[in-house]
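Take the sequence shown: its position 369, counted from the start at 1, is 370 in our numbering, and no numbers get skipped.
Just so you know, even glycine gets a beta-carbon here, dropped at the ideal spot from N, CA and C.
Please read all numbers here as calculations on a predicted model, not as lab measurements.
What follows is a single structure, written as structure tokens, with notes after it.
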Amino acid sequence: MAIPERFSNLPEYAFPRLRALLSDIKPELKSGEAPVVMTIGEPRHAMPGFVAQVMADHIGEFAKYPVNEGTPGLLDAIGGWLGRRYGLDVAPERIMALNGTREGLFSAGLALCPEQKNGQRPAILIPNPFYQVYAVAAAAVQAEPVFVSAAPATGNLPDYAGLPAELLDRTALAYLCSPANPQGAIADRDYLETLVGLAEKHDFLILADECYSEIYRDAPPPGALAVATELGLADRVVMFNSLSKRSNLPGLRSGFVAGSAANIAQFRKLRSYAGAPLSLPAQAVSEAAWRDEDHVTASRALYQQKYRIADRVLGNIPGYRPVAGGFFLWLPVADGEAAARKLWADAGIQVLPGAYLSRDVSGENPGQSFIRVALVLPPEETEAALIRLRDVLYDDD
């Protein structure tokens, strides 16, 4: 039986590509140096101190089937956080717990994308570069993925408002990540108001990936659902958030989706047939994490310290842009793959070529001349690694 082309035509995922790219290289390290991995966005800060005790208190609940949409306590905790963070009043039926937001960002296509839009194949707008699950969601529902450049010229955010009206009229869904992975750009209130107005005019939904919302340099980034609610257009936004980055719990696989009752009902219906709910102990830990802000504040302070380190070490590099949010550096280079090979060979540092997070459009790849560097190590290790990186890649600048 033939493999469906919609999946076989997808490029290989970024990390297997990176392993193949570096497979023939043995790093040359100086005395006392060790290999450094700065590729994957896996937080290394301490997870909240209460996790083990909460898990232990609920360990017996592994013997029970979990609640599909989330326990009442977890939904209440998420709703409370949305109220404190954004001033939103979101009823439990407008929230569903997720087994990691990647589940929800993928399921959004299945739950919310129509088979046709205005009698045509629907389009799904995707920033380029982007979190790769967006493209897989489009492939799964056989929508047309439209990759919209998010480059320095547009503030590293996609200019959806600049797209032709005929394309917007058949757009069903538009992904937006803010703070952006990988560039760290933040969609401000004006950008979000424009996008929400565009969604209302052309009748599409905004899928707001806000997993990095609690990691920022200065002011908290605005939320798309909050902005849409202020405009009286809350039904235009479906937002996603996670405990992976906020609470340093990537292995918990816990997040949520929030939106209108009608949209969340679609997610819940899909989940009842084909989803994978969180275990009850994981939901208990999640509830405790959403109710606590102290651990988030402490973790954010460490990231802000690393922002300052990056500015100091790399700030003189032409094209360097200070991180506004999230924990990735998006560094300009002549060629991302060549830079990744050189760094691994000469400094024992692994980074991700930007092209592995992007798609070629009209013969151009907006990530080709960048590398993504994850600021997940402790501050002292981060500084040492960035100095090594600078000395190898930018010593002539």
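Where do the ends of the beta strand (DSSP E) carrying S243 lie?
V238 to S243
Assess, as a yes-or-no matter, whether the region 288-306 is touched by the region 113-131 under the definition of 3 or more beta carbon pairs within less than 8 Å.
no
Tell me, to the nearest whole angstrom, how far the beta carbon of V393 is from that of R373; I am working on the premise that it is less than 8 Å.
The Cβ separation is near 16 Å, so there is no contact.
For V334, which residues of its own chain have a beta-carbon under 8 Å away from its beta-carbon, when the five flanking residues on both sides are left out?
Here the set comprises A340, S370, F371, I372 and L394.
Which of the three DSSP states, helix, strand or coil, is assigned to K27?
coil
Go ahead and pull the three-state DSSP assignment for S261.
Reduced to three states, the DSSP call for S261 is coil.
Within a Cβ cutoff of 6 Å, which residues of the same chain sit near A141, ignoring the five residues on either side of it in sequence?
G110
Exposure label - N119; buried when at least 16 CB within 10 Å
exposed
So which of Y176, A57 and R360 has the shortest CA-CA distance to Q284?
Sorting Y176, A57 and R360 by C-alpha distance to the C-alpha of Q284 places A57 at the top.
Check this for me: beta carbons of G276 and N69, under 8 Å apart or not?
Taking 8 Å as the cut-off, the beta carbon of G276 is found closer than this to the beta carbon of N69.
Would you mind reading off the limits of the beta strand (DSSP E) that contains L177?
T172 to C178
To the nearest angstrom, how far is it from the Cα of V314 to the Cα of E384?
8 Å
For E365, write down the residues that DSSP places opposite it in a beta bridge.
V362
Which partner residues does N129 have in the DSSP bridge list?
S150
What is the residue span of the alpha helix (DSSP H) that I310 lies within?
D295 to L315
Give every residue of the same chain whose Cβ lies closer than 7 Å to the Cβ of V91, excluding the five residues on either side of it in the sequence, and list them in chain order.
G80, L83 and A259
Tell me whether the beta-carbon of S255 lies closer than 8 Å to the beta-carbon of L279.
The Cβ atoms of S255 and L279 lie closer than 8 Å to each other.
Quick one: what does DSSP say P165 is sitting in, helix, strand or coil?
coil
Start and end residues, alpha helix (DSSP H) containing D347
G337 to A348
Which residue wins for smallest C-alpha separation from S24, given the options P354, V377, W345 and A186?
It is W345 whose Cα lies nearest to the Cα of S24.
For R391, which residues from the same chain have a beta carbon less than 8 Å from its beta carbon, with the 5 sequence-adjacent residues on both sides left out?
V314, L315 and I318
By DSSP, does E70 sit in helix, in strand, or in coil?
coil
Cβ atoms of N182 and G327: under 8 Å apart, would you say?
Cβ atoms of G327 and N182: closer than 8 Å.
Helix, strand or coil for M56? Go by DSSP, reduced to three states.
helix
Could you please give the first and the last residue of the uninterrupted beta strand (DSSP E) stretch that includes D191?
Per DSSP, D191 belongs to no beta strand (DSSP E); it is in the alpha helix (DSSP H), R190 to H203.
In this structure, what does DSSP give as the bridge partners for V374?
L330
Count the CB pairs spanning the region 200-212 and the region 164-177 that are closer than 8 Å, and state whether there are at least three.
In this structure the region 200-212 touches the region 164-177; the number of beta carbon pairs closer than 8 Å is three or more.
Assigned secondary structure, Q143 (DSSP; H/G/I helix, E/B strand, else coil)
Correct three-state label for Q143: coil.
Let me see if you follow: with CB-CB separation under 8 Å, is R322 close to chain D or not?
Judged by its chain identifiers, the structure shown contains no chain D, having just a single protein chain.
Count the C-beta pairs between the region 95-106 and the region 260-273 that are closer than 8 Å, then say yes if the count reaches three, no if not.
yes
With a cut-off of 8 Å on the beta carbons, I'd call P93 and L76 a contact; round off their distance for me.
4 Å
For L106, I'd like the list of residues in its chain whose CB is within less than 8 Å of its CB, leaving aside the five on either flank, ordered along the chain.
Y132, V134, Y135, A138, Y176, L208, D210 and F241
Alpha carbon to alpha carbon, how far is R190 from L30?
46 Å
Identified DSSP bridge partners for I207:
DSSP lists A175 and V238 as partners of I207.
Compute the Euclidean distance between the alpha carbons of P5 and Q143, then round it to the nearest angstrom.
11 Å
Comparing C-alpha positions only, which one of P130, A21, P222 and L330 sits nearest to V362?
A check of alpha carbon separations from V362 across P130, A21, P222 and L330 identifies P130 as the nearest.
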